[in-house]
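Protein chains in written order, with UniProt numbering: chain A, 1 to 66; chain B, 1 to 66.
One structure below.
2 protein chains.
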Amino acid sequence: MNRSSATDRNRDPINERDAAAYIATITRELAALAEGAGMEVLKYLLEMARDEAQAIALEEKKRRPS
Amino acid sequence: MNRSSATDRNRDPINERDAAAYIATITRELAALAEGAGMEVLKYLLEMARDEAQAIALEEKKRRPS
Numbered sequence: 001m002n003r004s005s006a007t008d009r010n011r012d013p014i015n016e017r018d019a020a021a022y023i024a025t026i027t028r029e030l031a032a033l034a035e036g037a038g039m040e041v042l043k044y045l046l047e048m049a050r051d052e053a054q055a056i057a058l059e060e061k062k063r064r065p066s
Numbered sequence: 001m002n003r004s005s006a007t008d009r010n011r012d013p014i015n016e017r018d019a020a021a022y023i024a025t026i027t028r029e030l031a032a033l034a035e036g037a038g039m040e041v042l043k044y045l046l047e048m049a050r051d052e053a054q055a056i057a058l059e060e061k062k063r064r065p066s
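What follows is the structure in C-alpha cells.
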C-alpha cells in the first residue's frame, strides 16, 4: 500500500488516480478474457489487481472532491 | 471475450495460449505503469498475474512443440 514514497514530494495525485483508473479498466477486461479462456487462477489474480487499482482511484477521488 | 464456457469441450489450446501471452504482455506494461506511479502493491499484484499468464503460455507451448 506504499502508494507514495516518502522521498517523492512532487508526485501528481491526478496522474496516480488516472493511472489507477486506467489499470482498473484494463485489468477488468483482461479478467473477462481469462475467464472466457477458462484460466480461473489468472482471472482471480487480475481481479485482485483490479480491486486494488479501483481502491486507489476511489481513495484519490475522496481526497479531491469534484 | 467469452470464447469458451466451462462446459465447452472444444476449447482451442491455441486460443488459451495466445490469450495468456497477451495478458502477460499487457500486465507487464501495467506493472511498469504502477511502479512509475509509486503503487507498489498494485505493481506486485500485476506481476503475480503476469507470472501466472506467462506460465500458462509456456506450459501450453510445451504441450504443443512447434
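Idealized CB from N, CA, C, for every residue including glycine.
As the structure is a prediction and not an experimental result, all values here were calculated from the model.
### Task
Determine the closest residue to A/GLU47 out of A/ILE23, A/ALA31, A/ILE26, A/ALA20, with distance taken between C-alpha atoms.
On the first sequence, residue 47 of chain A is found 47 positions in, with the first residue counted as 1. Among A/ILE23, A/ALA31, A/ILE26, A/ALA20, the Cα nearest to that of A/GLU47 belongs to A/ALA31.
### Message
Would you say B/ARG3 lies against chain A (beta-carbon separation less than 9 Å)?
### Response
On the second sequence, residue 3 of chain B is found 3 positions in, with the first residue counted as 1. The predicted position of B/ARG3 is uncertain, since its pLDDT is 46 and thus under 50; no value can be drawn from it.
### Query
B/ARG50: which of B/ALA37, B/ASN15, B/GLU29 sits nearest, CA to CA?
By one-based count along the second sequence, residue 50 of chain B stands at place 50. Minimum Cα distance to B/ARG50 is reached at B/GLU29.
### Query
Nearest-angstrom Cα distance between B/ALA34 and B/LYS43?
Taking the second sequence and counting its residues from 1, one reaches residue 34 of chain B at position 34. Taking the second sequence and counting its residues from 1, one reaches residue 43 of chain B at position 43. The alpha-carbon atoms of B/ALA34 and B/LYS43 are separated by roughly 5 Å.
### Task
Can you tell me which of the three DSSP states A/ASP51 falls into?
Here residue 51 of chain A is taken as the residue at index 51 of the first sequence, counted from 1. Helix, per DSSP.
### Task
Taking 9 Å as the cut-off, decide whether the C-beta atoms of B/ALA53 and A/MET39 are in contact.
Walking along the second sequence from the start, residue 53 of chain B turns up at place 53. Walking along the first sequence from the start, residue 39 of chain A turns up at place 39. Against a cut-off of 9 Å, the Cβ pair of A/MET39 and B/ALA53 comes out as a contact.
### Task
Starting from B/THR25, find everything on chain A with Cβ-Cβ shorter than 8 Å and list it in chain order.
Translated into positions along the second sequence, residue 25 of chain B becomes position 25. The contacting residues do not exist; B/THR25 stays about 10 Å from chain A at best.
#### Entry: Min CB distance A/ALA37 to chain B below 9 Å
Here residue 37 of chain A corresponds to residue number 37 of the first sequence, with the count starting at 1. So, interface residue.
### Message
Below 7 Å on C-beta distance, what does A/ALA53 contact in chain B?
### Response
Walking along the first sequence from the start, residue 53 of chain A turns up at place 53. Per Cβ cutoff of 7 Å: LEU42.
#### Entry: Partner residues on chain A for B/GLU16, Cβ-Cβ distance less than 9 Å
Numbered from 1 along the second sequence, position 16 holds the residue referred to as residue 16 of chain B. Here the neighbours are ALA37, GLY38, MET39.
#### Entry: Which of helix, strand or coil DSSP assigns to B/GLY38
Numbered from 1 along the second sequence, position 38 holds the residue referred to as residue 38 of chain B. Coil.
### Task
Out of B/GLU16, B/GLY36, B/ILE26, B/THR27, state which residue places its alpha-carbon closest to the alpha-carbon of A/ASP18.
Taking the first residue of the first sequence as 1, we reach residue 18 of chain A at position 18. With distances taken between Cα atoms, A/ASP18 lies closest to B/GLY36.
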